[in-house]
Amino acid sequence: MNTKFFTNEDQNTLLKKIEGLFMYKNIYFLDALVGYFRASGYFQIRKFVENAQEIRILVGINIDSLVHQANQQGLLFNGDAEKAQEDFFQGIKKNIQGAKYDKLVEDGMTQLIQDILTGKVKIRIHPKQNIHAKIYIFREKEKHEHGYGSVITGSSNLTGAGLSKNFEFNVELRENSDIEFATQTFDKLWDESVPVDIDNMEKLQKETYLNDSYTPYEVYLKFLVEYFGKSIEFDPNSISNLPKGFKKLSYQIDAVNDGFAKMMKHDGFFLSDVVGLGKTIVSILIAKKYFYSNGFPEYRSRTLIIVPPTLKDDWTETIEKFNLDNVKIITNGSLHKVRDASIYDLIIIDEAHKFRTDTAEMYNDLQKICKTPTRRILPDGSIISKKVILVSATPLNNKPEDIANQTYLFQDSKNSTLEIGNLQNFFRQQIDTYRKLKEEPDIAKVQEGVKRIYEKIRVKVIEPLTVRRTRSDLIAHELYSRDLEKQGIKFPKVKKPEKILYELEPVLDELYDKTIFILGNSQGLKYYRYQAIAFLKPYKKKKYKQADRISEQLAKIMKTLLVKRIDSSFYAFKQSLSRFTSATEAMVKMFENGKIYIAPNLPVSEMINEDREDELMDLIIENSIADPTIDICEPDDFEYDFLLGLEHDLALLKKLVREWGNVEEDPKLTTFVYYLQNRLLSKKINLQSKLVVFSESRETTTYLEKELPKYIKEKILSIDSKNRKDKMPIVRKNFDANLPKEQQENDFNIVLTTEVLAEGVNLHRSNVIVNYDTPWNSTRLMQRIGRVNRIGSTADEIYVFNFYPTAKVNNDIELEKKAIMKLQAFHAALGEDSQIYSPDEQIESFGLFDKQIEEEKDEKLVYLMYIRDIKENHPALFKQIKNIPLRSRVGRRDKELYQSTICYIKDQKRDAFIFVKRNQRIEELTFLETVKIFNAELAEKGIPLHFEHHKQVQSGINYFSELVEEEKARNKKIDNTQGPNEKKANVFLDAILNSNIANENERVLILKAKEALRQGKFQNLQRDINKFQRAIKKSPLKPIVVLENTIKILNTYPLINEVQESLVIEKDTNVHPMNQEIIITESFNL
3 MNTKFFTNED QNTLLKKIEG LFMYKNIYFL DALVGYFRAS GYFQIRKFVE
53 NAQEIRILVG INIDSLVHQA NQQGLLFNGD AEKAQEDFFQ GIKKNIQGAK
103 YDKLVEDGMT QLIQDILTGK VKIRIHPKQN IHAKIYIFRE KEKHEHGYGS
153 VITGSSNLTG AGLSKNFEFN VELRENSDIE FATQTFDKLW DESVPVDIDN
203 MEKLQKETYL NDSYTPYEVY LKFLVEYFGK SIEFDPNSIS NLPKGFKKLS
253 YQIDAVNDGF AKMMKHDGFF LSDVVGLGKT IVSILIAKKY FYSNGFPEYR
303 SRTLIIVPPT LKDDWTETIE KFNLDNVKII TNGSLHKVRD ASIYDLIIID
353 EAHKFRTDTA EMYNDLQKIC KTPTRRILPD GSIISKKVIL VSATPLNNKP
403 EDIANQTYLF QDSKNSTLEI GNLQNFFRQQ IDTYRKLKEE PDIAKVQEGV
453 KRIYEKIRVK VIEPLTVRRT RSDLIAHELY SRDLEKQGIK FPKVKKPEKI
503 LYELEPVLDE LYDKTIFILG NSQGLKYYRY QAIAFLKPYK KKKYKQADRI
553 SEQLAKIMKT LLVKRIDSSF YAFKQSLSRF TSATEAMVKM FENGKIYIAP
603 NLPVSEMINE DREDELMDLI IENSIADPTI DICEPDDFEY DFLLGLEHDL
653 ALLKKLVREW GNVEEDPKLT TFVYYLQNRL LSKKINLQSK LVVFSESRET
703 TTYLEKELPK YIKEKILSID SKNRKDKMPI VRKNFDANLP KEQQENDFNI
753 VLTTEVLAEG VNLHRSNVIV NYDTPWNSTR LMQRIGRVNR IGSTADEIYV
803 FNFYPTAKVN NDIELEKKAI MKLQAFHAAL GEDSQIYSPD EQIESFGLFD
853 KQIEEEKDEK LVYLMYIRDI KENHPALFKQ IKNIPLRSRV GRRDKELYQS
903 TICYIKDQKR DAFIFVKRNQ RIEELTFLET VKIFNAELAE KGIPLHFEHH
953 KQVQSGINYF SELVEEEKAR NKKIDNTQGP NEKKANVFLD AILNSNIANE
1003 NERVLILKAK EALRQGKFQN LQRDINKFQR AIKKSPLKPI VVLENTIKIL
1053 NTYPLINEVQ ESLVIEKDTN VHPMNQEIII TESFNL
């Protein structure tokens, strides 16, 4: 069809038309009237219009906003030429900053600026009316009657999209009368318009990334500014109205601001400052900040605080001091009592690492609480999600699955807010790798493998979700250390642990070593007493699910207990050995009597040994209905070798009981008394003569409480789980340095305690700790040290003493060798229970025998503090750096990085540091790797970008886009990659839906459950559904009963808002696309 119209389809584009006009006509004048002008659009036509001698471009602006602004001020709109100039200038800047990162595009934009400055191109702006017309007038220099030009009008603006990409409707007119009318109209509008300010044009190159004059140092500072963002802003007024006696500390201000920001972005975070830095205070301050920012005063947030029972009183007291409103405190064991979790807006969980096992009932209860939507509904109908603070000093001191489970308390496992949307898939890979490492015999390979695993977890999961400061950080950075010094706060130096070696005489030494061998070696005790259900014959065994695994775990627990008891004290070991022997003897006696009682929840062994079998039978009958684990078996119900194993164990145990019964000396106690009398309470190291002694065994502390007064005059206080609550006021008065002086007492010098005082307690009037048991776990040791290394400590140094057994030998070197050998034997006996797989700890057979106690430093903090210092002490420079545009780049000399480029690219979910090498191979770097390369001295000069720069940046952009698309694809394909348990649950729910017996409300609930499964919202939902499936396979039910029971299961989960939340999230995602941005690039050459 022959027509004057064209639509940018089939290569018949406006760009092609312009190319043809300049090819076949001698165009001298080009006038363009457009609503939008893009520098990148001009670049596309520049090679065609090169021969035009006069180019005029008239741009209309959107005056609607200006009219509205004038009306708001009660003024009559009269066109603001200055405002029009500024709007045009900002629009061109934005266009340059958003243009394709390409060398040819940049050259074109640079040429436009030069063309305007030289006068080749004249641009004017019409400030008084909206111009929606788009017209392009092409004229030769002299008018003639044979078609001296052309007019194109229609919908295309002078933009890349308008020229060739968009569907447009344009028409070309060639009549002279049309050309003349268009030119006259254009001239009229041109005369009414205002010229573009040349000064602004000169600033364009300077104020956009086209400016190549930035130095490496300036680009380095810009990198820090963009990476740390709001964290740079230190606002001391964000914490106010502190109770009397509490100090406003800069590091806590930072923790509050950083934690609040992470909580708002991700719905939760880990508060993981090391022990003794005031995590409770920071948590409460964040809760107060949220209370006043979450719709107050119309809406009054409620906070639920979940704590271990031993810490409830401390939290209650602190909350009262800080006057936190609308708060409830419950203990870990009371989660099931929370009837309506929707009333809470914020959940604070102290000692959150206790919720690291997702199969535990407490975990399930907590996750339901955390995932229940709040009652606060915004005007758009969306519901505010609950916020969660996980308080734990050890976020990384767990297996990968433990970290994952804690994260899932506020993140959906397959729909997270992190860069890694599918956390389940990510953690699955780390867990599998971690488990394979346990089979690796080479310790060095294990260490390296574990390091790699935790590095990935740290960078991808922990860092975005964690606020953590150590004492090393506070001392190393001036902002913190200066503030602490000003406020009279100091942290003592923790001295290297000192060994207390207690020597065993030859006979006792031989018995000790033999006992360890029997307890831990496969040729010794088999712990048959605790493996009874594993040896049942199949018809009996089927009653107990996972009987073999449970039996193995019980045996391992008993072995660990006995080994640790002999390390704790000979007294505690004898007591435990006696009980174990009695329990084994009772089992053998039951075989002799022909009746074996399996009743885990009843005191079977005690009652058998006390000849109270009739009474036991009554108890069994009474409890048999309510307790399905109870069973009465006969000898023939067990495999033939079970009794033989029991008798073998009993013979070994009786022999040990006899031999240890002859041991009367206690060299460990004797050595302890010597140290008490000569060193531990000496004023040289212990100014206040306050001592804290830890043991895992209550029997050991009770034994010491009884024996020590025979040798020393100091007053002793003994604390364990039974008396902690009653004696805590005495502990505080005698050991808490934060208590007002007038309330402090000196009735006790020594506190003997089990682990009940190892968390959340101030004991820092003391500065000396004795670990009476071997401290196998460095985290536990750090927790103990944290009791005395706290804010308010007055001592300059903290002393830690650890007990170790050794043989009696002639010199100190041999003494240590013997001690190490014994510790290695312990390690072998305990197996993997004593191995520490965290990267923060050593995998050594002798624990912390000779290790300096040091806290790690946050390397990132060094760079944050550096840019903060620039802001505080060089504000003009900081402002200059902030104003440097994104995409800034610089060339630098580096032989090792020759012809490579590093790109910092980000979107709303991730920061990526992409290293494009000379051979175009790509590697993703961490922040620390990148910042160490970008780091530059003030005097360093930049060099021109190498010729591969733009190509390498484009490769980085493509790589980043692939990462984003891969993540999107993973999220979209969740249903195709679901695990077997999830599939089973979904198939079961689909079967109910397809049966057409569910009413509308039930169908909606089931669909919400399927959505929760897809997102990985609840760890136990699929387990509960599948458990019910297995039950009905054994005992089939009618379809309607199956439906009723399924609905009961689903109603135990907070599913009610799942679909609504999903729609809100989808809507938000469409409204706020996550556009990627090039932040900084650096290229390297010789």
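Under my numbering, the sequence shown has 1043 at position 1041, and the numbering climbs by one with no breaks. The beta-carbon is built from N, C-alpha and C at its ideal position, and this holds for glycine as well. Small disclaimer: the values here were computed from a predicted structure and weren't measured.
So who's on the other strand from residue i, going by DSSP bridges?
| i | result |
| --- | --- |
| Arg895 | Asn1087 |
| Gly62 | His128 |
| Ser902 | Phe1086 |
| Leu175 | Val153 |
| Pro197 | Arg126 |
| Thr808 | Glu505 |
| Asn773 | Phe696 and Asn804 |
| Val329 | Thr305 |
Which of the three DSSP states, helix, strand or coil, is assigned to residue i?
| i | result |
| --- | --- |
| Arg141 | strand |
| Thr583 | helix |
| Ile308 | strand |
| Phe750 | coil |
| Glu21 | helix |
| Leu506 | strand |
| Phe1020 | coil |
| Phe248 | coil |
| Lys136 | strand |
| Glu2 | With the chain covering 3 to 1088 only, the question about residue 2 has no answer from this structure. |
For residue i, count neighbouring C-beta atoms within 10 Å of its own C-beta (all shown protein chains included) and say buried if the count is 16 or more, exposed if not.
| i | result |
| --- | --- |
| Phe45 | buried |
| Asp89 | buried |
| Gly22 | exposed |
| Ser285 | buried |
| Lys670 | buried |
| Arg1032 | exposed |
| Lys727 | exposed |
| His355 | buried |
| Asp367 | buried |
| Leu1088 | exposed |
| Glu967 | exposed |
| Asp360 | buried |
Using the Cα positions of residue i and residue j, report the straight-line distance between them to the nearest angstrom.
| i | j | result |
| --- | --- | --- |
| Arg473 | Lys492 | 10 angstroms |
| Pro1056 | Pro466 | 27 angstroms |
| Glu87 | Ile118 | Note on residue identity: the sequence assigns Gln, not Glu, to residue 87. When rounded, the distance between both Cα atoms is 15 angstroms. |
| Leu991 | Ser415 | 20 angstroms |
| Glu707 | Asp569 | 18 angstroms |
| Glu144 | Lys27 | 12 angstroms |
| Thr320 | Phe248 | 11 angstroms |
| Asn417 | Gly383 | 21 angstroms |
| Gly1018 | Glu984 | 9 angstroms |
| Phe7 | Ile133 | 22 angstroms |
| Lys498 | Ile1081 | 45 angstroms |
| Thr1048 | Ile385 | 27 angstroms |
| Asp193 | Tyr103 | 37 angstroms |
| Ile455 | Asn427 | 14 angstroms |
Determine whether the Cβ of residue i lies closer than 8 angstroms to any Cβ atom of chain C.
| i | result |
| --- | --- |
| Pro245 | In summary, chain C is missing from the structure at hand, where a single protein chain is found. |
Inter-stretch contact at 8 angstroms, needing at least 3 Cβ pairs: the stretch 366-378 / the stretch 325-333: No contact exists between the stretch 366-378 and the stretch 325-333.
Worksheet entry | Sufficient close CB pairs (3 or more, under 8 angstroms) joining the stretch 547-558 to the stretch 522-536 | Touching, per the Cβ criterion.
| task | Say whether the stretch 741-757 touches the stretch 703-721, bearing in mind that this needs 3 or more beta-carbon pairs closer than 8 angstroms, one atom from each stretch. | result | Yes, they touch.
Checklist entry - So, do the stretch 742-749 and the stretch 680-688 have three or more beta carbon pairs nearer to each other than 8 angstroms? => result Touching, no.
- Would you check if there are 3 or more beta carbon pairs closer than 8 angstroms linking the stretch 378-393 to the stretch 265-273? Three or more beta-carbon pairs drawn from the stretch 378-393 and the stretch 265-273 are found closer than 8 angstroms, and the two stretches are therefore classed as touching.
Original post:
Using 8 angstroms as the threshold, is the stretch 432-452 in touch with the stretch 998-1005, meaning 3 or more CB pairs across them?
Top reply: The stretch 432-452 is not in contact with the stretch 998-1005.
(Q) Measuring CB atoms only, is the stretch 895-909 touching the stretch 946-962, in the sense that at least three cross pairs come out at less than 8 angstroms? (A) Taking 8 angstroms as the limit for Cβ pairs, the verdict is that the stretch 946-962 does touch the stretch 895-909.
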